[in-house]
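Peer 1: The structure follows.
Residue numbers (my numbering): 1104 to 1184.
Laid out in structure tokens, this is it:
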């Protein structure tokens, strides 16, 4: 029997709109497929204007998410990170 383990992460990025209200700008999802050492990160933008206007904040949140995914991949033996 071949049993595969997948690790999934989900998050959303919050940015500030023109009225200084926190608003979801992007949804993130990541999958780590341990059987084949595959990793995918998907970004679904729901508010392009906020992504552009609050780019530094959006980038910082994405980098935090990506770092968490990479750290978990290292724990699982991925040698490329």
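Ideal placement from N, C-alpha and C gives every residue a C-beta, glycine not left out.
1. Cβ of residue 1114 within 7 Å of Cβ of residue 1131?
2. Would you call the CB atoms of residue 1179 and residue 1137 closer than 7 Å?
3. According to DSSP, is residue 1133 helix, strand or coil?
4. Where in the region 1132 to 1181 do unbroken runs of the alpha helix (DSSP H), each at least 4 residues long, occur, reported from the N-terminal end onward?
5. Using only CA atoms, which one of 1151, 1182, 1181 and 1141 lies nearest to residue 1119?
Peer 2: This is what the structure gives:
1. yes
2. yes
3. Of the three classes helix, strand and coil, the one that applies to residue 1133 here is strand, per DSSP.
4. 1151 to 1156 and 1158 to 1178
5. The option with the nearest alpha carbon to residue 1119 is 1151.
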